[in-house]
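Novice: Numbering (the numbering used here), first residue to last: 1013 to 1253. Structure below; questions to follow.
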Amino acid sequence: MEVVILPDQDKVAAAAADAVEALLRAAPDAVLGLATGSSPLPVYGELARRRAGQGLDFARVRGFGLDEYVGLPAGHPQSYAEVLRREFAVPLGIDPGRIRVPDGTAADLPAACRDFEQAIHDSGGVDLQLLGVGTDGHIGFNEPASSLMSRTRIKTLTEQTRRDNARFFAGLPEVPHHVVTQGLGTILEARHVVLLATGAQKAQAVHDLVEGPLAAICPASVLQLHPHATVLLDEAAASGL
Ligand code: GLP
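This is the structure we're talking about:
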């Protein structure tokens, strides 16, 4: 695991954008794994600036979202499919149809999860997976005690994660209880994983994922097994190391 400590969030975003840019210059049809939450948004903003200023072309990129809330209607502003359309596909000039997100509206959710896994497989696999991390060490929506070999499936959110994410909704009661998420085994198959964490509220999770034991209680610690994992931190997030 490569751990890079940078002065601030802008530098973290720039370093993640550098990794994406280097990949796309070599492989314009690369497959990106896309995270939501607030951490990756400055990366998407930086990539949009590079598209405008440096002629970086995203038109042939394909993307897979990490996770989705169950039960939010299509087009709901906090559905992760909608977030990735709004924050990633549109600013980067990508046809939103090239971005696939686990389907949280399907009548048969297990079948939809299997179809999603098959689509990743059929794409040739994810070249670069962007990740944030929850304050409890979750990645995607793999909450503490998730199976380290898990695949895309339904999960129940912890109250801590629901409270953390309530800021995106009108209030806590609006935050769904259930989600569909790529599994830890799914995430581990990406060829390069780039995790970003900023702010002191992430310091404990960062400590546990970088220096703690490999343990399902900190799902992000599974990245210790990955042959090419990069962890980009600001100084506050690194303060527990
Ligand atoms: C959500 C997402 C995760 C994300 C986490 C951290 O729970 N499902 O993918 O990493 O939030 O979010 P933030 O970056 O806003 O702290």
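Ideal placement from N, C-alpha and C gives every residue a C-beta, glycine not left out. Source: prediction; values computed, not measured.
1) Would you mind sorting E1014 into buried or exposed? The rule is 16 or more other CB atoms within 10 Å of its CB.
2) Using DSSP's beta-bridge definition, name the partner residues of A1209.
3) Under the rule that 16 or more other beta-carbon atoms within 10 Å means buried, what is P1185, buried or exposed?
4) If you follow the alpha helix (DSSP H) that D1134 is part of, which residue opens it and which one closes it?
5) When burial is assigned at 16 or more other CB atoms within 10 Å of the CB, is E1155 buried or exposed?
6) Shortest alpha-carbon distance to L1160 belongs to which of G1057, A1060, C1230?
7) For the ligand GLP, is there any heavy atom lying closer than 8 Å to the beta carbon of S1158?
8) Report the rounded CA-to-CA distance for V1032 versus G1067, giving the unit in angstroms.
9) When the Cβ atoms of the region 1031 to 1049 are set against those of the region 1126 to 1145, are three or more pairs found closer than 8 Å?
10) Out of E1080, S1158, K1214, point me to the one whose CA is closest to A1227's CA.
11) Three-state secondary structure (DSSP) at Q954?
12) Using beta-carbon positions only, say whether R1063 and D1069 come within less than 9 Å of one another.
13) To the nearest angstrom, report how far apart L1208 and D1079 are at their CA atoms.
14) Under a criterion of Cβ closer than 6 Å to any non-hydrogen atom of the ligand GLP, which residues qualify, in chain order?
15) Give the straight-line distance between the Cα atoms of A1026 and L1018, rounded to the nearest whole angstrom.
16) Give me the Cα-Cα distance between L1235 and D1148, rounded to the nearest whole angstrom.
17) Contact between the region 1096 to 1105 and the region 1163 to 1177: three or more CB pairs below 8 Å?
18) Tell me, which residues are paired with D1079 by DSSP?
Specialist: This is what the structure holds:
1) As a working note, residue 1014 is residue 2 in the sequence shown. Residue burial is scored here from C-beta neighbours: E1014 has fewer than 16 other C-beta atoms within 10 angstroms and is therefore classed as exposed.
2) Your numbering for residue 1209 matches position 197 in the sequence shown. Residue pairing by DSSP puts A1209 in a beta bridge opposite L1245.
3) Residue mapping note: residue 1185 aligns to position 173 of the sequence shown, counting from 1. Under this definition P1185 is an exposed residue.
4) Counting from 1 along the sequence shown, the entry for residue 1134 is found at position 122. Per DSSP, D1134 belongs to the alpha helix (DSSP H) from 1121 to 1135.
5) Taking the sequence shown and counting its residues from 1, one reaches residue 1155 at position 143. Looking at its Cβ environment, which holds 16 or more other Cβ atoms inside 10 Å, E1155 is buried.
6) What you label residue 1160 is simply residue 148 of the sequence shown in a count that begins at 1. Checking every option, the nearest Cα to that of L1160 belongs to C1230.
7) Within the sequence shown, numbered from 1, the residue matching residue 1158 stands at position 146. S1158 has its CB no nearer than 8 Å to any heavy atom of the ligand GLP.
8) Residue mapping note: residue 1032 aligns to position 20 of the sequence shown, counting from 1. Residue mapping note: residue 1067 aligns to position 55 of the sequence shown, counting from 1. Answer to the nearest angstrom: the Cα atoms are 14 Å apart.
9) These segments touch.
10) What you label residue 1227 is simply residue 215 of the sequence shown in a count that begins at 1. Checking every option, the nearest Cα to that of A1227 belongs to S1158.
11) Because the chain is modelled from 1013 through 1253, residue 954 falls outside the range shown and cannot be assessed.
12) Position 51 of the sequence shown, counted from the start, is the residue given in the question as residue 1063. Position 57 of the sequence shown, counted from the start, is the residue given in the question as residue 1069. Yes, Cβ-Cβ distance for R1063 and D1069 is below 9 Å.
13) Residue mapping note: residue 1208 aligns to position 196 of the sequence shown, counting from 1. Residue mapping note: residue 1079 aligns to position 67 of the sequence shown, counting from 1. Within the model, the alpha-carbon separation for L1208 versus D1079 is close to 17 Å.
14) Listed by position in the chain, the residues whose beta carbon lies within less than 6 Å of some heavy atom of the ligand GLP are A1047, T1048, G1049, S1050, S1051, L1078, D1079, G1144, V1145, G1146, G1152, F1153, T1173, N1177.
15) Taking the sequence shown and counting its residues from 1, one reaches residue 1026 at position 14. Taking the sequence shown and counting its residues from 1, one reaches residue 1018 at position 6. Cα to Cα, A1026 sits roughly 10 Å from L1018.
16) Along the sequence shown, read from residue 1 onward, the residue named residue 1235 stands at position 223. Along the sequence shown, read from residue 1 onward, the residue named residue 1148 stands at position 136. Their backbone Cα atoms lie some 15 Å apart in a straight line.
17) Segments in contact, no.
18) Numbered from 1 along the sequence shown, position 67 holds the residue referred to as residue 1079. In the DSSP assignment, D1079 is bridged to T1193.
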